[in-house]
Amino acid sequence: MPFQSIVILTGAGLSAESGVPTFRDKDGIWAHYDYREVATPQGFARNPARVHEFYNMRRRAHAGIRPNAAHAALARLEREHAGEVWVVTQNVDALHEGAGSRNLIHMHGELFQALCAECGARTRWVDDLSLDTPCPACAETGGMRPDVVWFGEVPYHMERIVELLQAADLFVSIGTSGQVYPAGGFVAEARAVGAHTVELNLEPSEGRSLFAEAIHGPATVVVPAYVDRLLKGD
Ligand code: APR
11 MPFQSIVILT GAGLSAESGV PTFRDKDGIW AHYDYREVAT PQGFARNPAR
61 VHEFYNMRRR AHAGIRPNAA HAALARLERE HAGEVWVVTQ NVDALHEGAG
111 SRNLIHMHGE LFQALCAECG ARTRWVDDLS LDTPCPACAE TGGMRPDVVW
161 FGEVPYHMER IVELLQAADL FVSIGTSGQV YPAGGFVAEA RAVGAHTVEL
211 NLEPSEGRSL FAEAIHGPAT VVVPAYVDRL LKGD
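Start counting at 1 in the sequence shown, then tack on 10, and there's your number in my numbering.
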């Protein structure tokens, strides 16, 4: 009996083969930057220019990257699978959209969106941002920030994510170390409702023992192979 409601959690490992650095691998982003300075509200209050430069650099670095075979396989699964398929991503890049995924939730926000702290307006944003950038909606300066969820802030769309997890009969975690919550706890929520749980990752993650099944290898190899299995009804 094929799965009816599939929830797929993705992390930085899914975009690694597109040339996007992960966070906690040997040469990852947090080996070069202190997250407390560039990815917390306190860091932004202390030195907003440094935070804007961190995200401006990442926005520029994303200009030349493309979705990889793993992103494409997930978009194919959504198109061709008879049941519901949702991707909940921790990634702030636009590679899932670029590959054609539509049922997509960015729980940590989006690099290519700006948020005005003055009026709450969200605006698609590809260029550099600074405190001098006027908000397109309210024209105020001094309030524009990346629309990215920082450590200590509440991830987006959690009610919808919990609804999806509670209805899931398959939960697949791809390319995440499972070290950051609430995403790291999703596998336990899926198990609690009897969903089958699978980890697809380069190597065993922190939460490996919580998964019923694990397939280790590069995402561009293991994800298309797993999607083929699902579409064949294995
Ligand atoms: N294919 C599959 N998995 C890979 C690949 C690859 N080519 N390369 C790396 N990985 C795996 C690593 O083994 C690791 O388990 O991807 C995972 C990346 O883990 P992290 O760097 O911790 O990234 P992630 O889990 O997405 O971080 C979660 O932490 O810093 C915050 O908000 C940030 O969304 C991020 C969150």
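Yeah, the Cβ is synthetic: ideal placement off N, Cα and C, and Gly gets one too.
Are the CB atoms of residue i and residue j nearer to each other than 8 angstroms?
i    : j    : result
A235 : V17  : no
S215 : G188 : yes
A82  : A104 : no
D179 : Q14  : yes
A229 : I184 : yes
T207 : F181 : yes
V97  : L114 : yes
Q123 : R134 : yes
E128 : N78  : no
V197 : A80  : no
L139 : N211 : no
L84  : T186 : no
From the DSSP output, which residues share a beta bridge with residue i?
i    : result
V208 : V182 and E223
A124 : T133 and P156
L240 : L240 is not bridged to any residue.
H116 : T99
S15  : E94
T20  : T99 and I184
Thinking C-alpha only, which one of the options is nearest residue i?
i    : options                   : result
V278 : A147, E120 and A127       : Since the first and last residues shown for the chain are 11 and 244, residue 278 lies out of range.
C126 : R112, H106 and A147       : A147
D35  : S28, R46, D44 and G23     : G23
V6   : I39, D37 and P51          : No statement about residue 6 is possible, as the shown extent of the chain runs from 11 to 244 and does not include it.
R68  : K242, V48, E107 and G130  : V48
G153 : V30, L141, W160 and L174  : L141
H116 : V164, D138 and R70        : V164
M7   : A149, P156, P31 and P192  : The question about residue 7 has no answer, for the chain in this structure spans 11 to 244.
A7   : H226, L210, N211 and V172 : No information on residue 7 is available, as it lies outside the stretch 11 to 244 that the chain covers here.
G74  : F64, V30 and G93          : V30
K242 : H226, L175 and L87        : L87
A205 : R218, Q176 and I225       : Q176
H106 : G227, G21 and P144        : G21
Q102 : G227, V231 and Y166       : As written in the sequence, residue 102 is Val, which differs from the Gln given in the question. For V102, the nearest C-alpha among the options comes from Y166.
W160 : A41, F64 and D244         : F64
G162 : T143, V190 and G217       : V190
I225 : R56, W40, N57 and E209    : E209
H62  : G227, R132, T143 and D244 : T143
Whole-angstrom Cβ separation of residue i and residue j, contact assumed at under 8 angstroms?
i    : j    : result
H91  : L220 : At roughly 24 angstroms, the Cβ-Cβ gap does not stay under 8 angstroms, so H91 and L220 are not in contact.
G38  : R46  : That belief does not hold up - the Cβ atoms of G38 and R46 are roughly 16 angstroms apart, past 8 angstroms.
H118 : Q100 : 5 angstroms
P12  : G93  : 7 angstroms
Nearest-residue set for ligand 1, Cβ under 6 angstroms from any heavy atom = Counting only heavy atoms of ligand 1, the residues whose C-beta sits closer than 6 angstroms to one of them are, along the chain, G21, A22, G23, A26, E27, T32, F33, R34, D35, G38, Q100, H118, G185, T186, S187, Q189, V190, N211, L212, E213, S215, P228 and A229.
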